[in-house]
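Trainee: If you're matching them up, the sequences are chains Y and A in order. Read in order, the letters of the first sequence are residues 1 to 259 in the numbering used here. Read in order, the letters of the second sequence are residues 1001 to 1194 in the numbering used here. Pasting in a structure now, in structure tokens, and then I'll have a few things to ask.
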Amino acid sequence: MNGKILFTVILCFLLIGKSYSQNQFDSVRYFGIEVGNTFLPFNIPDYSFIRADNSSNNNDNSAINLTGRYNEFQFSIKTETRSLKNKLGLLYGIRLTYITSSLGKQDIWSKNDKYFYLLVNQSNTSSEILRVNEINQNSYFIGIPLELRYFTSHNRFFRFYFKTSVDLSYKFFTKNDVIFYNDNMESYTTDVINKFAKPSPFHCNINFGAGIKLGKEGKFNINIEAFAVSFNIVKTNSSIVRTGIGGGMQVNLLIPLKF
Amino acid sequence: MKIKYLFLILIIIISCKKDKNLRDSIFIEDVESPGLPIYSEWGYNTFGAYYDREVFISNDKKVPLKIIVTNDTMTFNFFGQLGNTSYNNMTMKFYFTNFLPVNYEDLLQLNDTIINLNNTNKISINIYGSNVNVTLLNGYFKVDKAQLLFVDTKETEVILSGHFEFQALINNEPIAISDGRFDIGVNQSNFFSY
């Protein structure tokens, strides 16, 4: 399903790119920077090596009773060319994506001194478990965003547009951190991390949304956009939580460059 | 103003939510055996069995298992409830004579041990505070896994996990205790030898 959507989106980009090559470019190309945040809902798998902490019957969700966090932040440098009388924009560039996720028993009401039990070693007649406050994972990806936006109106200071984008990235760094209830257990950090699968090296988000552009044509522009639907084809960019379909927000500043 | 106080009370309730520790019972219902806890090997301090069509299960109020070693007998005392009401107290005691541990660590020797139950073994049952006559017909009591648990490298307890089933004449009526399972942590708090 996700593969079909990715294939369709990339096919659209290729067809539009071909139409771009056949059309005469407008004289203005934009260049700019962008920051964004994607909010994807996530779930925590029922890890067999984490002790349940919640009595449950068949209607309950999870017995391990953990909370988590997942966030994607993006920083991009992009360029945009327009065609179809300045109504269709093709944006591409380079993007740094920072994904942060955590697993623990933290809540917003009290300081994080709660812990869960994690099984690190087991033999025939002995088991070793550790009290863990929190597991954090931060990954950095570098990649290429490909975006299309269609303006519903002609040149104005305020323009509304629809947008679709695909973001293909590759992981170049991951840092894991385990906060133990007992500080003396830090030597087990690698053992704890190895209980989880490694995060996927590829990252691919597909987004559908809309935005507004503020600024005159050929001048400095600010774009504020929201993704109504955003999903990560690779659900394992964090190895500690699994992502679903969510939304996102981006703000970019575009400066016109005359050619 | 009332809403403000209500919100404050809600915050206090959420803040006071108690964390479960190793002594508490964690009852995760078995989808395939409704009413019974899943079979686990984590030391969830639960047990359960069908008593004909009713359930005999552990609850949060009673210590689910006490192991008592006296003279020539080791007794597994399961304390729980019959049915879904915690007021319906029920106790089931298994008496074993072949193995007499001195301390709770000795229970590790029960790892992967099956004890066949027949009319030479003794089981006693107490329902709603009254002892009932039990004549054992057949069955077994199996410790699938006995493991010494270390928490943050400190020895904490022995976890006994296993299954049991038997048929018996209870007050002269044939009764089947079936699908029994237990997963209980044993340490100084529930192991007694005197």
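We treat Cβ as the ideally placed atom computed from N, Cα and C, and that holds for glycine. Here the structure is a predicted model, which is why all the values come from computation and not from measurement.
#1: Is it buried or exposed for E147 (chain Y), if we count other Cβ within 10 angstroms and need 16 for buried?
#2: Suppose you measure from the CA of T1120 (chain A) to the CA of F1096 (chain A); what does that come to, to the nearest Å?
#3: Would you report the Cα separation of I212 (chain Y) and I255 (chain Y), rounded to the nearest angstrom?
#4: Given 8 Å as the limit, tell me if R82 (chain Y) has its C-beta closer than that to any heavy atom belonging to the ligand MN.
#5: With three or more beta-carbon pairs closer than 8 Å as the criterion, would you say the segment 1055 to 1070 of chain A touches the segment 1081 to 1093 of chain A?
#6: Tell me, to the nearest whole angstrom, how far the beta carbon of T155 (chain Y) is from that of H203 (chain Y); I am working on the premise that it is less than 8 Å.
#7: DSSP on F25 (chain Y), reduced to helix/strand/coil?
#8: For chain A, find out if any of its Cβ atoms is closer than 9 Å to the Cβ of N194 (chain Y); answer yes or no.
#9: According to the Cβ coordinates, are F1047 (chain A) and S1058 (chain A) closer than 9 Å?
#10: What separation, rounded to the nearest whole angstrom, lies between the Cα atoms of S1025 (chain A) and G209 (chain Y)?
#11: Per DSSP, what kind of secondary structure is I193 (chain Y) in: helix, strand or coil?
#12: Tell me which residues share the same chain as V1102 (chain A) and place their Cβ nearer than 7 Å to its Cβ, disregarding the 5 neighbours each side in the sequence.
#13: Find the residues of chain A that neighbour N133 (chain Y), judging by a C-beta separation of less than 7 Å, and give them in chain order.
#14: Taking a Cβ distance cut-off of 7 Å, strictly less, list which residues of the segment 1105 to 1120 of chain A are near chain Y, in chain order.
#15: Have a look at R242 (chain Y) and Y98 (chain Y) and give me their C-alpha separation to the nearest angstrom.
#16: So G1185 (chain A) packs on A1049 (chain A), CB below 8 Å; how close in whole Å?
#17: Decide if S127 (chain Y) is buried, meaning its Cβ has at least 16 other Cβ atoms within 10 Å, or exposed.
#18: Drop a sphere of 10 angstroms on the beta-carbon of K1087 (chain A), count the other beta-carbons inside from all chains shown, and report buried for 16 or more, exposed for fewer.
#19: I'd like to know if S126 (chain Y) contacts chain A, where contact means its C-beta is closer than 9 Å to some C-beta of that chain.
#20: Quick check on E217 (chain Y): does DSSP put it in helix, strand or coil?
#21: Check this for me: beta carbons of N1118 (chain A) and L1137 (chain A), under 9 Å apart or not?
#22: At the 9 Å Cβ level, is V1151 (chain A) part of the contact set with chain Y, yes or no?
#23: What are the start and end residues of each continuous beta strand (DSSP E) run of 3 or more residues lying completely inside the segment 114 to 188 of chain Y, in chain order?
#24: Around the Cβ of D1183 (chain A), are there at least 16 other Cβ atoms within 10 angstroms (buried) or fewer (exposed)?
#25: Taking a Cβ distance cut-off of 9 Å, strictly less, list which residues of the segment 1137 to 1151 of chain A are near chain Y, in chain order.
#26: What first and last residue would you give for the beta strand (DSSP E) that runs through G1035 (chain A)?
#27: Can you name, in chain order, every residue of its own chain whose Cβ lies under 6 Å from the Cβ of I1159 (chain A), other than the five neighbours on each side?
#28: Provide the residue span of the beta strand (DSSP E) that contains A1146 (chain A), from first to last.
#29: Does L254 (chain Y) come within less than 9 Å of chain A when only Cβ atoms are used?
Mentor: On the basis of the coordinates in this document:
#1: Working through the first sequence from its first residue, we reach residue 147 (chain Y) at position 147. That one is buried.
#2: Translated into positions along the second sequence, residue 1120 (chain A) becomes position 120. Translated into positions along the second sequence, residue 1096 (chain A) becomes position 96. Their Cα atoms are separated by approximately 10 Å.
#3: Residue numbering aside, residue 212 (chain Y) sits at position 212 when the first sequence is read from its first letter. Residue numbering aside, residue 255 (chain Y) sits at position 255 when the first sequence is read from its first letter. Near 16 Å, if we compare the C-alpha coordinates of I255 (chain Y) and I212 (chain Y).
#4: Among the ligands in the structure shown, none appear at all, so the ligand MN cannot be discussed.
#5: yes
#6: For the purposes of this step, residue 155 (chain Y) is taken as residue 155 along the first sequence, with counting starting at 1. For the purposes of this step, residue 203 (chain Y) is taken as residue 203 along the first sequence, with counting starting at 1. Correcting the residue type first, residue 155 (chain Y) is Asn in the shown sequence and not Thr. Between H203 (chain Y) and N155 (chain Y) the Cβ distance is about 35 Å, and since that is not below 8 Å, they are no contact.
#7: Locating residue 25 (chain Y) in the first sequence gives position 25, counting from the first residue. A caution first: F25 (chain Y) carries a pLDDT of 49, below 50, which makes its placement in the model too unreliable to give a value.
#8: Position 194 of the first sequence, counted from the first residue, corresponds to residue 194 (chain Y). No, N194 (chain Y) does not count as interfacial toward chain A.
#9: Stepping through the second sequence from its first residue, residue 1047 (chain A) is reached at position 47. Stepping through the second sequence from its first residue, residue 1058 (chain A) is reached at position 58. Contact: yes.
#10: Along the second sequence, one-based indexing puts residue 1025 (chain A) at 25. Along the first sequence, one-based indexing puts residue 209 (chain Y) at 209. Taking the CA atoms as reference points, S1025 (chain A) sits about 48 Å from G209 (chain Y).
#11: Position 193 of the first sequence, counted from the start, is the residue given in the question as residue 193 (chain Y). Three-state result, I193 (chain Y): helix.
#12: In the second sequence, residue 1102 (chain A) corresponds to position 102, counting from 1. The answer, listed in chain order, is S1193.
#13: Position 133 of the first sequence, counted from the start, is the residue given in the question as residue 133 (chain Y). Residues of chain A passing the Cβ test: none, with the nearest at roughly 12 Å.
#14: L1108, N1111
#15: Here residue 242 (chain Y) refers to the residue found at position 242 when the first sequence is read from its first residue. Here residue 98 (chain Y) refers to the residue found at position 98 when the first sequence is read from its first residue. For R242 (chain Y) and Y98 (chain Y), the gap between their C-alpha atoms comes out near 16 Å.
#16: Numbered from its first residue, the second sequence carries residue 1185 (chain A) at position 185. Numbered from its first residue, the second sequence carries residue 1049 (chain A) at position 49. So it is not a contact: roughly 19 Å between Cβ atoms.
#17: Taking the first residue of the first sequence as 1, we reach residue 127 (chain Y) at position 127. Classification for S127 (chain Y): buried.
#18: Walking along the second sequence from the start, residue 1087 (chain A) turns up at place 87. Lys is not the amino acid found at residue 1087 (chain A); the sequence shown has Tyr there. With fewer than 16 other Cβ atoms within 10 Å, it is exposed.
#19: Translated into positions along the first sequence, residue 126 (chain Y) becomes position 126. Output row for S126 (chain Y): interface = yes.
#20: Looking up residue 217 (chain Y) in the first sequence gives position 217. Three-state result, E217 (chain Y): coil.
#21: Mapped onto the second sequence, residue 1118 (chain A) falls at position 118. Mapped onto the second sequence, residue 1137 (chain A) falls at position 137. Yes, Cβ-Cβ distance for N1118 (chain A) and L1137 (chain A) is below 9 Å.
#22: Position 151 of the second sequence, counted from the start, is the residue given in the question as residue 1151 (chain A). So, interface residue.
#23: 116 to 122, 126 to 151, 158 to 180
#24: Here residue 1183 (chain A) refers to the residue found at position 183 when the second sequence is read from its first residue. The residue is buried, with at least 16 neighbouring Cβ atoms inside 10 Å.
#25: K1145, A1146, Q1147, L1148, L1149, F1150, V1151
#26: The residue you call residue 1035 (chain A) lines up with position 35 of the second sequence. G1035 (chain A) -> no beta strand (DSSP E), and no H or E assigned at all.
#27: Residue numbering aside, residue 1159 (chain A) sits at position 159 when the second sequence is read from its first letter. Excluding sequence neighbours, I1159 (chain A) sits near G1043, Q1147, L1149, G1185.
#28: The residue labelled residue 1146 (chain A) in the question sits at position 146 within the second sequence. Where A1146 (chain A) is concerned, the enclosing beta strand (DSSP E) stretches over 1134 to 1151.
#29: Taking the first residue of the first sequence as position 1, residue 254 (chain Y) is located at position 254. At a cut-off of 9 Å between beta carbons, L254 (chain Y) makes no contact with chain A.
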